[in-house]
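**Q** Chains as they are written, first to last, in my numbering: chain C, 1 to 340; chain Z, 341 to 680. Positions of the beta carbon are idealized from the N, C-alpha and C atoms, including for glycine.
2 protein chains.
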Amino acid sequence: MTETPPKRATIAAVARRAGVSPSAVSHVFNGRPNVSAATAERIRQAADELNWRPNYASRKVSGQGGRSLGLVIARASDTFGRDPFFMRLVAGLTQPLADIGWSLSLTLVGADDEARVYREWWAEQRVDAFLLVDARTDDPRLDLVGTLGAPAVVLGAPVDAAVPAVTVRDDAAFAAVLAHLTELGHRRVARVNDAPGLAHTQARDRRFAEAAADSGVEPSYAVWDAEAADPVADLLGRVGDVTAIIVDSEVIAAEIVAHAPELGVSVPGQLSVVAWEDSWVSTLVRPRLTALDAPVEESARTAVALLERLVRGDAVTSQTVGGRQLMVRESTSAAPGTPA
Amino acid sequence: MTETPPKRATIAAVARRAGVSPSAVSHVFNGRPNVSAATAERIRQAADELNWRPNYASRKVSGQGGRSLGLVIARASDTFGRDPFFMRLVAGLTQPLADIGWSLSLTLVGADDEARVYREWWAEQRVDAFLLVDARTDDPRLDLVGTLGAPAVVLGAPVDAAVPAVTVRDDAAFAAVLAHLTELGHRRVARVNDAPGLAHTQARDRRFAEAAADSGVEPSYAVWDAEAADPVADLLGRVGDVTAIIVDSEVIAAEIVAHAPELGVSVPGQLSVVAWEDSWVSTLVRPRLTALDAPVEESARTAVALLERLVRGDAVTSQTVGGRQLMVRESTSAAPGTPA
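#1: For R459/Z, decide whether its Cβ has a neighbour in chain C, counting only Cβ atoms nearer than 8 Å.
#2: Output yes if chain Z places a C-beta closer than 8 Å to the C-beta of A254/C; else output no.
#3: If we cut at 8 Å on Cβ distances, does W280/C have a partner in chain Z?
#4: Specify, as a first and last residue, the run of the beta strand (DSSP E) that G421/Z falls within.
#5: Hey, could you find the ends of the beta strand (DSSP E) A568/Z is sitting in?
#6: In chain order, what residues of the same chain lie with their CB nearer than 6 Å to the CB of A46/C, ignoring the 5 residues before and after it?
#7: For F80/C, go through chain Z and note every residue whose CB falls closer than 9 Å to its CB, in chain order.
#8: Give the straight-line distance between the Cα atoms of S443/Z and D554/Z, rounded to the nearest whole angstrom.
#9: Touch check for the segment 67–74 of chain C and the segment 93–109 of chain C: three-plus C-beta pairs under 8 Å?
#10: So T642/Z and R669/Z are in contact, right, with Cβ under 8 Å, and what is the actual spacing, rounded?
#11: Could you work out which residue in D78/C, A24/C and E49/C is closest to A37/C when comparing CA atoms only?
#12: Counting pairs of beta carbons, one from the segment 85–100 of chain C and one from the segment 284–300 of chain C, are three or more of them closer than 8 Å?
#13: So, does the CB of R384/Z fall closer than 8 Å to a CB anywhere in chain C?
#14: Does the contact criterion of 3 or more C-beta pairs under 8 Å hold for the segment 485–503 of chain Z versus the segment 456–475 of chain Z?
#15: So is G66/C in contact with chain Z if we call contact Cβ pairs under 8 Å?
#16: By a C-beta neighbour count over all protein chains shown, 10 Å radius and 16 as the cutoff for buried, is D138/C buried or exposed?
#17: Counting only Cβ pairs nearer than 8 Å, list the residues of chain Z close to T107/C.
#18: Mark P84/C as exposed unless 16 or more other C-beta atoms lie within 10 angstroms of its C-beta, in which case mark it buried.
#19: Using a 10 Å radius around the Cβ and a threshold of 16 neighbouring Cβ atoms, would you call D230/C buried or exposed?
#20: So with Cβ pairs under 8 Å, would you call R356/Z a contact of chain C?
#21: Return the chain-ordered list of same chain residues with a C-beta closer than 6 Å to the C-beta of H351/C, the five sequence neighbours on each side being excluded.
#22: In chain order, what residues of the same chain lie with their CB nearer than 6 Å to the CB of L148/C, ignoring the 5 residues before and after it?
#23: List, in chain order, every chain Z residue whose beta-carbon is nearer than 7 Å to that of W52/C.
#24: Give me, in chain order, the residues of the same chain whose beta-carbon lies closer than 7 Å to that of A640/Z; leave out the 5 immediate sequence neighbours on both sides.
#25: Beta carbon of F208/C, beta carbon of R191/C: below 8 Å?
#26: Using a Cβ-Cβ cut-off of 7 Å (strictly less than) and excluding sequence neighbours within five positions of R578/Z, which residues of its own chain qualify?
#27: So, under 8 Å CB-CB, V613/Z and A593/Z are touching, yes? Tell me the CB distance rounded to an integer number of Å.
#28: Return the residue from the list S331/C, P164/C and E183/C that minimises the CA-CA distance to R309/C.
#29: Comparing the C-beta of L472/Z with each C-beta of chain C, is any distance below 8 Å?
#30: Is it buried or exposed for P287/C, if we count other Cβ within 10 angstroms and need 16 for buried?
#31: Given a limit of 9 Å on CB to CB distance, which residues of the segment 312–330 of chain C reach chain Z?
#32: Using only CA atoms, which one of A203/C, A228/C, A212/C and E124/C lies nearest to D170/C?
#33: Applying the 10 Å Cβ sphere with the 16-neighbour rule, what's the burial state of D48/C?
#34: Assuming V605/Z and L632/Z are in contact, meaning their beta carbons sit under 8 Å apart, how far apart are those beta carbons, in whole angstroms?
#35: How about E114/C and G406/Z: are their beta carbons less than 8 Å apart?
#36: Indicate whether I43/C and V28/C have their beta-carbon atoms separated by less than 8 Å.
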């Protein structure tokens, strides 16, 4: 089935084909301007004909060449595979990386293997920088990248002064949601999350409490239990007499609006549901989800720009991007007993 | 904000710390058995303390070291980001790659840039093999990987004898769907696809025609028009008097079952809908989708195994995996006018 593959072309072969010295070829591909335009063009054509490019690995050894961003995600593959946020993130990273000639090195790991992968990828020079997602308060990766000397940026909440973060401006988001809900007559609102240990979850809990106090809403908190026999029934049994919930995960919000009516809870008649994330999933379910759209692509672009500057040795500071935008759809309406 | 990062440790520093020669360090990490177990242990500990590993780029130059699989997807980022198949595929590739110490190099490109990225990644030795998805009949990438001499495997339908393929066993899938539908009284069934140019689409059209002939069903074909003002209304207007449709894309099937009732077409009362793919999306919509679950994770694992053997220089042949499995849910029921 397979044949001996053709050998990779050498710089010498390209030089012979273009009728120049190997160092002239090297000059053209290193962007040094001591070769005439006509010669440069001839060299590029010879390289194209032979499918030759400067060797990535050799260039890395000499400190040049194509770089790669490491994205190590400590999640089970089914959790990763059903999270529209990660797909938007991966999709959003690839274009800005391609623009600067970097590739994305992606892997999923068990939590136990996380540190090992960071160490190996860095020590082997497989990647030139890391993007940290799902940062926990007191996250061991922050010390680790510091010890390694690896350029790194955290996506989400700032967790450590030494590692720059890209954060979505959320200050006004709870105020916007609660203004929408109080206008509809809601006074008791629960915030639902599925990842209580993450830094951004805890930051949101605090901001929700503040916004609730400002808007005269009685706040409560619930954690999604994916292990429950019927997680939606379990949650609805625990949130008490709230008339609206704000759910961190869009997919969980989608499960709630699809399944609650089958449990005798009408959405939005008896319970209004707001998703803290937005993607195509929000418009696929009925009722369509009222959701907060985050600038995921802008976050990705900003993180790539910071990482490129870090790799060049520039000093950078944390950045805040965009702001979540409330997309009012069908899953929120007047609180029960409120004149519409 | 940033400080001068610590320098990467050298092999000389590891050797000094362990009290051995640099070549002893090299021997341990290259698995050569001429160092005592106690010395090897001391060297590994020194390397750990200094976060040192054999340099990936140097090892590549010498033909050793960590490899990477290139996955170049020629799709717009929003199409990629909303396709549960790709999420399952990326998630499914990472574990078997991690098991053999490879990383995944992923990028999205415009169709114009596809060949350039393959050439550059290969020429720069950024990747060691390619996985080709969305193969077209007469796909220029098949010649390209042949010219480059790059190990490659096609995921989907076999398209070229020279490039091994991993194909999901679909032979029985149409027969299973049509047996399910004819039992429910359906006699006129349309197949809906959204990518008429792809090799696997055309192979499915042929198999659908054969299975329809075998089961006494009148087949018809429709192509999804994403550009229509209301694509679901547009499609329903074109499929004529069929009582059931089989839709290649799960997300499109989900859009149809969610939106058709709003257009006055009840699902499954007037129209039964079957999705040719399955993921969590199928259970998120109401009615839940009857769908064909493909062994995406097994395909990914098989492709990784083939690629590893190709890279080692072994001869490999195309593989067929699993078979699609019909998951009967709520979006199919008796054809109109059929006693249930």
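**A** Quick answer:
#1: For R459/Z, the answer is yes, since a Cβ of chain C falls inside 8 Å of its Cβ.
#2: A254/C counts as touching chain Z.
#3: Chain Z, which has a Cβ nearer than 8 Å to the Cβ of W280/C, makes this yes.
#4: G421/Z -> not in any beta strand (DSSP E); alpha helix (DSSP H) instead, spanning S417 to G421.
#5: Premise fails: A568/Z is in no beta strand (DSSP E) and is neither H nor E.
#6: Scanning its chain for C-beta atoms nearer than 6 Å, with the 5 sequence neighbours on each side dropped, one finds around A46/C the residues V14, R17 and A18, in chain order.
#7: Against chain Z, the beta carbon of F80/C has neighbours under 9 Å at M427, V430, A431 and T434, listed in chain order.
#8: S443/Z and D554/Z have their C-alpha atoms spaced approximately 45 Å apart.
#9: Yes, the segment 67–74 of chain C is in contact with the segment 93–109 of chain C.
#10: Beta-carbon to beta-carbon, T642/Z and R669/Z are separated by about 28 Å, too far to satisfy the 8 Å threshold.
#11: Comparing alpha-carbon positions, the option among D78/C, A24/C and E49/C lying closest to A37/C turns out to be A24/C.
#12: When Cβ pairs closer than 8 Å are counted between the two stretches, the segment 85–100 of chain C is seen to touch the segment 284–300 of chain C, the count reaching three or more.
#13: R384/Z is outside the set of residues whose beta carbon lies under 8 Å from a beta carbon in chain C.
#14: At 8 Å Cβ cutoff, the stretches touch.
#15: Nearest CB-CB separation between G66/C and chain Z: below the 8 Å threshold.
#16: D138/C comes out exposed.
#17: For the C-beta of T107/C, the chain Z residues within less than 8 Å are, from N- to C-terminus, T434, L437, A438, S443 and L444.
#18: Counting C-beta atoms within 10 angstroms of its own C-beta, P84/C has 16 or more neighbours from the protein chains shown and is therefore classed as buried.
#19: Burial call: exposed.
#20: Between R356/Z and chain C, the shortest Cβ-Cβ separation is not below 8 Å.
#21: Past the edges of chain C, shown from 1 to 340, lies residue 351/C, and the structure says nothing about it.
#22: So the qualifying residues of the chain are W122.
#23: Ordered by position in chain Z, the residues that pass the 7 Å Cβ test against W52/C are A463.
#24: Within the same chain, A640/Z has close Cβ partners L429, G432, L433 and P436.
#25: Closer than 8 Å, so yes.
#26: A562.
#27: Contact flag correct, Cβ pair sits at about 6 Å.
#28: Of the listed residues, the one whose Cα sits closest to R309/C is P164/C.
#29: No, L472/Z does not count as interfacial toward chain C.
#30: Classification for P287/C: buried.
#31: Answer set for the segment 312–330 of chain C: G313, D314, A315, V316, T317 and S318.
#32: Per the Cα distances, A203/C.
#33: Exposed, since its Cβ has fewer than 16 Cβ neighbours within 10 Å.
#34: With a beta-carbon spacing of about 22 Å, V605/Z and L632/Z fall beyond the 8 Å limit used to define contacts.
#35: Going by C-beta atoms, E114/C is not nearer than 8 Å to G406/Z.
#36: In contact: I43/C and V28/C (Cβ atoms closer than 8 Å).
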